Amino acid sequence: MCAKRLKSHLLVFAFYALTAVTMTWPLAVNISSHIPGGGVDEAAFLWNLWWARHSLLELGTNPLYSDYIFFPLGADLALYTFTLFNGLVSIPLQLVLGPVVANNILLFLLLALSGLGMYLLALGVLLEKGLPSGVSRGGSLLAGLVYAYAGGKLAYTALGQFNFTSLCWLPLFVLFFLKLSRWWPGVFSLGPDGWRHGILAALFALFAAYTELTFLLFLVLFVALYLLFELWTHRRRGLTWPSWGPFLVLVVAFGLGFAPLLFAVVGATRAQEGLLLKGWGGADRYSADLLGLFIPNSLHPFLGKWAQGAMSRFTDINFAFMGYTVLILGLATMLKCWPRLRTWGLLAIS
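Numbering-wise, our numbering comes out as the position in the sequence shown, counting from 1, plus 60.
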């Protein structure tokens, strides 16, 4: 990466970091004494960070099991929202600053990285579509703001559900996965870029999976839908199937990295087979309500009171609202540029 491009990306990251401080104010001036939360979940996620450090550095035990809770039986944490990757990353910060400050700094960094990740993804897509550089960068900056600081995401932040504020790895995976999908046509061609893109895509998928297993399901769904659309489009044009070399690098690298967590999850599932939830297991309650796309979150500075009444029939908080400006711009763009944005439009609708 050239120095000019690196400087540009660092400036963008600094912009999103400043936005993170602004959007979570006054957390920055209470960084050593407070964490965001609603008095329920935030303590558990703070414990996650502490336990990752304590189990590895002081006890030398597997962090996916703890007998510090439900003693003397202990608890298997493989299926718990443990945010293991966040815990590992936070260890150096905890050693110097303690878990509270580490949690808050990590929150700022993850929000800023979410913006940067979406900025890079949008920039790559827009430049590939042939848009001018200035337009592409401006649109990408807006995309990063929406992705990192949408009302639903800030609602999770306010509730202290820090697993769902750690969405930065998803757009970075998609970015390098799209680079892999550009290897048309071919049978098994693989160059330096194929290796690099495959390993980076696998790395970001692992970061996502070790943060929150739900993110892995999102990525699998995206990959399946995207490949179906792309294969159908290319076959209609008479092109060959893609080169599977880079994809194989992605699958093998991810499989090796995910194997320890997968074995732990399978073992925990088998051990708790009689305790598994029946039916939807609460998914129907916690799924997004379609009306939530058009009703602001109750934390909205101007429409909060109205939204609180409009959401009275929702079964959970409204985390689907992205903003009226985003909805209008998105719909207008899809209608105007449907042939060029068909794949992305169908993915969004799906």
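We put the beta carbon where it would ideally sit given N, CA and C, even for glycine.
This one's a predicted model, so the numbers in the text were calculated from it and none came from an experiment.
Give me whichever residues DSSP pairs with Asp253 in a beta bridge. According to DSSP, Asp253 bridges with nothing at all.
Is the Cβ-Cβ distance between Cys228 and Gly177 less than 8 angstroms? yes
In angstroms with no decimal places, state the Cα-to-Cα distance between Gly258 and Leu117. 32 angstroms
With a CB to CB cut of under 6 angstroms and the five nearest residues on each side skipped, what residues in its chain are close to Ser150? Leu109, Ala162 and Leu166
Can you tell me the Cα-Cα spacing of Gly352 and Lys365, whole angstroms? 15 angstroms
For Gly220, tell me which candidate among Leu148, Trp398 and Val100 has the shortest Cα-Cα distance. Val100
Ignore the nearest five residues each way along the sequence and tell me which others in Asp127's own chain have a CB closer than 7 angstroms to its CB. Gly134
Quick check on Ser126: does DSSP put it in helix, strand or coil? strand
To which residues does DSSP link Ala412 through a beta bridge? Outside the displayed span of the chain (61 to 410) sits residue 412, for which this structure offers no information.
Integer Cβ distance of Gly211 from Phe381, believed to fall under 8 angstroms: 5 angstroms
Please return the same chain residues whose Cβ sits closer than 8 angstroms to the Cβ of Leu288, not counting the five positions on each side in sequence. none
Count the other CB atoms within 10 Å of the CB of Gln154; is the residue buried (16 or more) or exposed (fewer)? buried
CA nearest to the CA of Ala182, picked from Val156, Leu157 and Leu230: Leu230
Quick one: residues in its chain with C-beta nearer than 7 angstroms to the C-beta of Met394, no 5 flanking neighbours on either side, listed in chain order? Leu401 and Gly405
How would you label Glu272, buried or exposed, when you count the other beta carbons within 10 angstroms and need 16 or more for buried? buried
Check whether the Cβ atoms of Tyr179 and Val81 lie closer than 8 angstroms to each other. no
Cβ-based neighbour list, Leu235, same chain, cut-off 7 angstroms, excluding 5 preceding and 5 following: Leu180, Leu181 and Gly184
Under the three-state reduction of DSSP, which class applies to Gly98: helix, strand or coil? coil
Pull up the distance between the alpha-carbon of Phe379 and that of Val386, whole angstroms please. 15 angstroms
Closest residue to Gly39 among Gly175, Trp111 and Ala324 (Cα-Cα distance): Nothing can be reported for residue 39: it is not among the residues displayed for the chain, which extend from 61 to 410.
Output needed for Leu187: all residues of its chain with C-beta closer than 8 angstroms, excluding positions within five of it in sequence on either side, in chain order. Ser193 and Ser196
Look at the alpha carbon of Phe105 and the alpha carbon of Lys189, and state the distance between them as a whole number of angstroms. 41 angstroms
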